[in-house]
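Going by the working numbering, the sequence shown wraps up at 1281, each residue one higher than the last. Please read the structure below before turning to the comments.
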Amino acid sequence: MPSIQLNTALPGPNSQALQQRRRDHVTAALGQTVPLSVRSAQGSLIHDADGNTLIDLIGGIGVLAVGHNHPDVVRAVTEQAAQSINPGMLVVNHDLYAQVAELLNAHAPGDFRKKSILANGGAEAVENAVKIARYYTGRAGIVVFEGAYHGRTNLTMGMTSKYGLFKKNMGPFASEIYRLHVPNLYRVPPGMTEQQYLDWSCDQLEFALTAYIDGPAIAAFVIEPVLGEGGIVPIPVQFLAKVREICDRVGAVMIADEIQSGSGRTGRLFAIEHSGVVPDLITVAKSLGAGLPISAVVGRAEIMDAPHLGAVGSTYGGGPLACAAAVASLRLLTDPEFLAGAGRIEASVRRVFEDVQRDVPALGDIRGLGGMMAIEFVHPGSGETKTPWPELVMEIVARSFRRGVIVMRAGLFTNAVRFLPALNIPQEQLDEALGVVADVVREVYAEHTRQPVGA
Ligand code: PLP
827 MPSIQLNTAL
837 PGPNSQALQQ
847 RRRDHVTAAL
857 GQTVPLSVRS
867 AQGSLIHDAD
877 GNTLIDLIGG
887 IGVLAVGHNH
897 PDVVRAVTEQ
907 AAQSINPGML
917 VVNHDLYAQV
927 AELLNAHAPG
937 DFRKKSILAN
947 GGAEAVENAV
957 KIARYYTGRA
967 GIVVFEGAYH
977 GRTNLTMGMT
987 SKYGLFKKNM
997 GPFASEIYRL
1007 HVPNLYRVPP
1017 GMTEQQYLDW
1027 SCDQLEFALT
1037 AYIDGPAIAA
1047 FVIEPVLGEG
1057 GIVPIPVQFL
1067 AKVREICDRV
1077 GAVMIADEIQ
1087 SGSGRTGRLF
1097 AIEHSGVVPD
1107 LITVAKSLGA
1117 GLPISAVVGR
1127 AEIMDAPHLG
1137 AVGSTYGGGP
1147 LACAAAVASL
1157 RLLTDPEFLA
1167 GAGRIEASVR
1177 RVFEDVQRDV
1187 PALGDIRGLG
1197 GMMAIEFVHP
1207 GSGETKTPWP
1217 ELVMEIVARS
1227 FRRGVIVMRA
1237 GLFTNAVRFL
1247 PALNIPQEQL
1257 DEALGVVADV
1267 VREVYAEHTR
1277 QPVGA
């Protein structure tokens, strides 16, 4: 029996009515992928306010590697709520905070002593990582990359790419932020081989040290090992290794922003582990708390210990409820059997959409790592220019929703569909949901090109 069960058209009448309350009372600036009101959720299924059941392939934007309401997480949080909700780590000690830190320190790459700080969300973790790196180095400069997303606070907005959506009319931004090129292997410039492009991208880093930035003034290079919001772009090992080499040479801190790619998402606890490159600090959030707000900076103890007493911390950061959830989720996310779900997701997405690609030349790229996948759409006649086709993606997202599957857009050009499902999604549900999206892609493409599929 299919898992998707629709009693009404989507959005149903109750979802629509609740949507009206949102329109009346919630800021219009808050984005929303689909107009669905959730009543409950379990695993990879969402039950809406009209009694419909949908399959969720985006999990709150990668927050739910262990699925909605994992029983271990619910148990841990419920038991902890009865004990103490938030005595405040800036006031007293509670051991769950140290337990989360201990687990992160033990599993983060690098054969050196590590320490961690916990915070509430991704942007706050990135802010902390930058603060700590600046303090440690006594320098101000921060290097970030094209397509990067680091958050919506003032500093992290300044570090983020995609100006129109995330930054327009909200400056001025912090100074001393330098943005450099990062290789995207789907967009190798015409006339270059992949290897030439990679070598050129690495050379650009060296060039930047002469042309745009002063190495000894740089506190940190901040890089997502797999761009998330930027379109699920895995960064080649050669480039990550080059960033590491430059950080070592100029004395900068290498920070891997793993807010989206970490917490088991790619099949390792941290995506950077696939590369063998060892950063100094890693930021992590999203699936760490299995839905509860918690983030962390983990890394070299001597860097983490550099700021003066009282220089870091927050009222709610690392509260016991979120830590209880994190301990439960980390138990799953460090289990190789559980993490194997990521490889299964990647194989399924590739299998389904490689087939679609035969009929839909607009499906330019299928890429990602483990449970972090995307399909990118370009105008088929645009040749090597690969002109983005965002309208197609918006229609695919909207129509997949109406058929009972939740996916989301991604990419600097908003022309990719992103999949961040739970790593434990049952194979039948994954097949069913990907089948729906595949049908939708074929249909929408055929309608837009007014050609029968396969013609
Ligand atoms: N860094 C990365 C790589 C992210 O993907 C995100 C959020 O998507 C953030 C930082 C910001 O996280 P938050 O929305 O929790 O502040």
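No residue lacks a Cβ here, since even glycine has one placed at the ideal position from N, Cα and C. The model shown is predicted, which means the values in this text are computed figures rather than measured ones.
For Q1253, there is no enclosing beta strand (DSSP E); the residue is found in the alpha helix (DSSP H) stretching over 1253 to 1275. Looking at the DSSP output, L930 bridges to nothing. Per the coordinates, the alpha-carbon of V852 lies some 42 angstroms from the alpha-carbon of A932.
A Cβ-Cβ distance of about 13 angstroms is found for the pair A951 and E1050, leaving them out of contact under the 8 angstroms criterion.
One alpha carbon belongs to G947, the other to P1119, and they sit about 6 angstroms apart. Three or more beta-carbon pairs separated by less than 8 angstroms are not found between the region 1069 to 1083 and the region 1253 to 1268, which leaves the two stretches without contact. Contact between the region 866 to 873 and the region 1242 to 1253 is present: three or more C-beta pairs spanning the two stretches fall below 8 angstroms.
Distances taken from the Cβ of G948 to the heavy atoms of the ligand PLP include one shorter than 8 angstroms. If you look at E1084, you'll find it in the beta strand (DSSP E) that goes 1079 to 1084.
Between the ligand PLP and R978, a heavy atom-to-CB distance of less than 8 angstroms is present. In this structure, the ligand PLP has no non-hydrogen atom nearer than 8 angstroms to the beta-carbon of T859. DSSP places G1167 inside the alpha helix (DSSP H), whose first and last residues are 1162 to 1185. Bounds of the alpha helix (DSSP H) holding T1036 are 1020 to 1037. 9 angstroms or more divides the Cβ of V969 from the Cβ of I1061. Distance check between I830 and each of R939, L1256, R1276, E1273 places L1256 closest, using alpha-carbon atoms only. The alpha-carbon separation between E1128 and K941 amounts to approximately 8 angstroms. Remark: fewer than three beta-carbon pairs, one from each stretch, lie closer than 8 angstroms, so the region 914 to 925 and the region 1158 to 1176 are not flagged as touching.
With 16 or more other Cβ atoms from the protein chains shown falling within 10 Å of its own Cβ, E953 counts as buried.
For W1215 and M1234, the gap between their C-alpha atoms comes out near 15 angstroms. Here the C-alpha atom of G1197 lies approximately 7 angstroms from the C-alpha atom of G1169.
Distances from the CA of D874 to each of I1108, N840, R901, G1144 were compared; the closest alpha carbon is that of N840. Membership of D874 in the beta strand (DSSP E) is indicated by the continuous run 871 to 874.
Taking C-beta atoms under 8 angstroms as the contact rule, I887 and A1259 fail to qualify, at a distance of about 17 angstroms. If you look at D882, you'll find it isn't in any alpha helix (DSSP H); it sits in the beta strand (DSSP E) that goes 879 to 882. DSSP, read as helix, strand or coil, puts Q842 in helix.
About 6 angstroms separates the beta carbons of I1108 and A934, which is inside the 8 angstroms limit, making them a contact pair.
In this structure, R1244 and L1165 do not form a Cβ contact; the two beta carbons are roughly 20 angstroms apart against a cut-off of 8 angstroms.
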